[in-house]
Amino acid sequence: MKSQAKKVCPTEALLTTPSLLWLLAFFAVPAGLVLLLAFRPADLHGGVGSGWSVAAIKAASDPAYLPIWWRTLWMSGVSTLLCLLVALPMGYHLARMPRRWQGIMVLLVVLPFLTNFLIRVFAWKSLLHPDGMVCRGLIAMGLMTEEQQLLYNAGAVVVVMFYVQLPFAILPLYAAAEKFDFGLLDAARDLGAGAARAFWEVFIPGVRGGLVAASLMVFISGVGQYVIPQIVGGVDTEMIGNKIAQRVFSDRNLPEASALSSMLLLGVLALMIANSLRRRLMAKEGPGV
Amino acid sequence: MEDFLVIDAIRKRFGNHPALDGVSLQIREGEVFSLLGPSGCGKTTLLRLIAGFDSPDSGQILLQGRNVAGLPPEKRPVNTVFQNYALFPHLSIRENIAFGPKMAGWARSQISSEVARMLALVKMEDQADKLPSQISGGQKQRVAIARALVNKPRVLLLDEPLAALDLKLRQHLLVELAALHREVGTTFVYVTHDQAEAMSLSHRIAVMNAGRVEQVDVPESLYRAPRTPFVASFIGDTNLLAGSITGTSSNGCKVTVPGLGVLEIRPETPITVGDQVTLSLRPEDLSLTDGKDSDPSLVGVVDEVIYFGAFTRYWVTSSNQRLLVQTHGKAAWARGDAVRVAVDPGTLHIVEMKSSVQ
Ligand SMILES: Nc1ncnc2c1ncn2[C@@H]1O[C@H](COP(=O)(O)OP(=O)(O)OP(=O)(O)O)[C@@H](O)[C@H]1O
Ligand SMILES: [Mg+2]
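Dropping the structure here:
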């Protein structure tokens, strides 16, 4: 492939200016302010003191946060995995449906968005509540005892996260599958691959872009989550988002909250930069043999 | 040998539309067998049934005497070259060709040597590490063939492999394809809607029309002895003329054709006086003579003359019929000339017959 040094022509620069300004105003500036805040001292009235201090950074680096970081990662990871496992076959089947049905099904996928996010999470709370129908049903079937709980544990948090994020996984995967040439699956079968093997060897690489987009969307929205653990989680299912919320709302320690937020932000940014580097590298090298 | 691949009374409907309406064929081992017909006549449908992507509503497919009905595509010893090639975009040329052997679980060393052999066979060695998006249409077609042939299929199914290419390249690849077939000897089932392609490559051709097989024959016979009006007009150019049997002669019968007069014919099937027939007359079997002194009912007028270099074509109107006549060399007649159309005896051919006794 040709790798020419790109020259930016004046009109191109002009055209990208609005989106650059947009990014600057709504992303870079706020992120920069958060980062700055992390280096300020906290004052006793819940405000931000003058001068500079690394106290907030120190506090945020407390090893006591480590288990919470770890929990944030694994719960987001598991819910991302669940989302992909469901969204992948959904995307595949959606794309193979007659056109007319595809529109209707995509509408159904986004339909939950018409209900407020908090209301949906509270609906789950009442579903999983000891008096809710899921619990009663399981107890009636003898699969659960009265003493056991569905709510206030990591399982509940992951399940609700999975539910809330599923559309964000389905949409990019559907978009990718919709562009996929299903004749390639016939070709794979013709060359001796069974149905599952053809799916794995040809369909998955064919929708790789959608897979990466879906994983990033779901995972990133997962690590920033704090409402779901607060409502359906328990004391031992706090995520880093809960800690940040606590620092802001209860402790009124904005610098420490900013320090934690900055760490999260930098982690997510690193993930996205790694992804775009990987894509650039692949485009340059072509396939390995 | 006749029964290497047998297609037996296959029917296939899509909704209410019969895509295949009772198709039977016997394909011989090692031959290039073409399915020729216009767009939508069911060629791809038949190929997909042989490959195993769809199953017929009724009828069966036997490969070397074995019914393949229960076998999914991956278990059938046939491989396909798809109409759009269907190369895997994320794999290099080499990996595309290695796909089948990999699925079959060949040893690594065997895969690499067989892939190298196929790359050489289709002259793609120096492109082996490119992606399909980085090679030309003609090269994709060769890769698709190599990817299929490396699996050593009993039958290679080719679905209009040249249709997407320009004329020059098509003619070049046709020659390559014939050479390739001589080299590998695999049975080819070749789908095309281009009669010239089918005629030049095939040992035998099945002409299909609207889900049915009209005639199966060697190219020469399809051209010289078409058995239906459809075959006569689909294979090359022809004049289809209505005539009636008006008498018998020493070695056949007499057929009267408006504009051409009374002609002699030796019918292959029994025929009686009074029968109505449709005749096929190839343009090159007709010639023009001066019409001045002829019976006025047999005199035609030259409407159009087109000089092609090696031959000249005339369109002549005679008794309200338009006839296409082709002669060697440059034009001997001009527009408006009064001519008589003469028929080379022995080239007349009945393609349809309606008996008068009924
Ligand atoms: N999956 C399908 N669903 C509905 N109808 C179909 C399907 N596949 C084929 N048909 C119909 O069956 C008929 C035969 O189609 P087929 O693809 O076999 O034609 P073909 O001879 O290969 O034509 P072409 O030269 O255009 O490729 C057509 O009328 C087509 O519309
Ligand atoms: Mg076709």
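If you're matching them up, the sequences are chains A and B in order.
Under the numbering used here, the residues of the first sequence are numbered 1 to 289, in order.
Under the numbering used here, the residues of the second sequence are numbered 290 to 647, in order.
Even glycine gets a Cβ: it sits at the ideal position worked out from N, Cα and C.
Here the structure is a predicted model, which means the values were calculated and not measured.
Which of helix, strand or coil DSSP assigns to residue i
i, result
"B/W622", "coil"
"A/F182", "coil"
"A/K2", "With a pLDDT of 43 at A/K2, under the threshold of 50, the predicted position of this residue should be treated as unreliable, though the coordinate-derived value follows. A/K2: coil per DSSP, three-state reduction."
"A/C135", "helix"
"B/A627", "strand"
"A/P18", "helix"
"A/Q149", "coil"
"A/L271", "helix"
"B/C542", "strand"
"B/E503", "strand"
"B/N368", "strand"
"B/R302", "strand"
"B/V439", "coil"
"B/A308", "strand"
"A/S50", "coil"
"B/H638", "strand"
"B/G594", "As written in the sequence, residue 594 of chain B is Val, which differs from the Gly given in the question. Strand at B/V594."
"A/W200", "helix"
"B/M497", "strand"
"B/E557", "coil"
"B/N385", "helix"
"A/D62", "coil"
Distance between beta carbons of residue j and residue i, contact taken as under 8 Å
i, j, result
"B/P390", "B/I382", "Contact flag wrong, Cβ pair sits at about 14 Å."
"B/V370", "B/L462", "12 Å between Cβ atoms; not a contact."
"B/I524", "B/P515", "6 Å"
"A/L317", "A/M272", "Residue 317 of chain A lies beyond the range of chain A shown here (1 to 289); nothing can be said about it."
"A/M75", "A/V160", "With 8 Å as the limit, A/M75 and A/V160 do not qualify as a contact, their Cβ atoms being about 11 Å apart."
"A/V227", "A/V268", "Contact doesn't hold; Cβ gap of about 18 Å is too wide."
"A/G192", "B/A387", "Rounded, the Cβ-Cβ distance is 12 Å, inconsistent with contact."
"A/A87", "A/L24", "At roughly 33 Å, the Cβ-Cβ gap does not stay under 8 Å, so A/A87 and A/L24 are not in contact."
"B/G563", "B/E553", "The Cβ separation is near 17 Å, so there is no contact."
"A/G234", "A/N153", "6 Å"
"A/A257", "A/V248", "5 Å"
Per-residue contacts from residue i into chain E (C-beta, under 7 Å)
i, result
"B/A409", "The chain labelled as chain E is not found among the protein chains of the depicted structure, namely A and B."
Cβ-based burial, residue i [other Cβ within 10 Å; buried from 16]
i, result
"B/S648", "Since the displayed chain B opens at 290 and closes at 647, residue 648 of chain B lies outside it and no answer follows."
"A/G137", "exposed"
"B/Y596", "exposed"
"B/Q416", "buried"
"B/E593", "exposed"
"B/A435", "buried"
"A/D186", "buried"
"B/P327", "exposed"
"A/Q148", "exposed"
"B/Q353", "exposed"
"B/D346", "exposed"
"B/L294", "buried"
"A/F203", "buried"
"A/I104", "exposed"
"B/R629", "buried"
"B/D579", "exposed"
"B/E557", "exposed"
"B/E414", "exposed"
"B/W622", "buried"
"B/H306", "exposed"
Contact test: residue i Cβ vs ligand 4 heavy atom, cutoff 6 Å
i, result
"B/R436", "By its list of ligands, the structure shown excludes ligand 4, since it contains just ligand 1 and ligand 2."
Which residues end up in the neighbourhood of ligand 1 when you take C-beta atoms closer than 5 Å to any of its heavy atoms? In chain order, the qualifying residues are B/F303, B/A308, B/S328, B/G329, B/C330, B/G331, B/K332, B/T333, B/T334 and B/H482.
Where the segment 355-377 of chain B meets chain A: residues whose CB sits under 9 Å from a CB there: Per Cβ criterion, the list reads P361, P362, E363, K364, R365, V367, N368, T369, F371, Q372, N373, Y374, A375, L376 and F377.
If contact means a Cβ-Cβ distance below 8 Å, which residues of the segment 439-450 of chain B contact chain A? Of all residues in the segment 439-450 of chain B, those with a C-beta nearer than 8 Å to a C-beta of chain A are N440, reading in chain order.
Just by C-beta distance, which residues in the segment 192-210 of chain A are closer than 9 Å to chain B? Listed by position along the chain: G192, A193, G194, A195, R197, A198, E201, V202, P205, G206 and R208.
Chain A contacts from the segment 385-415 of chain B (Cβ-Cβ distance under 7 Å): The residues in question are F388, G389, M392 and A393.
Which residues, taken in chain order from the segment 125-146 of chain A, show a beta carbon closer than 9 Å to some beta carbon of chain B? Residues: none.
Using Cβ-Cβ distances below 7 Å, what residues of the segment 321-349 of chain B are close to chain A? So the close ones are A340 and F342.
If the cut-off is 8 Å on Cβ atoms, which residues from the segment 422-436 of chain B count as contacting chain A, listed in chain order? Correct list: Q423 and R436.
Selection of the segment 155-186 of chain A by Cβ proximity to chain B, strictly under 8 Å: Those would be D181, G183, L184 and D186, in chain order.
Return the residues of the segment 291-319 of chain B that lie within a Cβ-Cβ distance of less than 7 Å from chain A, sorted by chain order. So the list is empty, because no residue satisfies the distance condition.
Pull out every residue of the segment 456-479 of chain B whose Cβ sits closer than 7 Å to any Cβ of chain A, in chain order. Taking 7 Å as the Cβ-Cβ cut-off against chain A, none of the residues of the segment 456-479 of chain B qualify.
Give, in chain order, every residue of the segment 248-264 of chain A whose Cβ lies closer than 9 Å to some Cβ of chain B. Residues: none.
In the segment 603-617 of chain B, which residues sit with their C-beta less than 9 Å from some C-beta in chain A, listed in chain order? Along the segment 603-617 of chain B, none of the residues has a CB nearer than 9 Å to a CB of chain A.
Under 7 Å, CB to CB, which of the residues in the segment 42-71 of chain A have a partner in chain B? Under the 7 Å Cβ criterion, the segment 42-71 of chain A contributes no residue.
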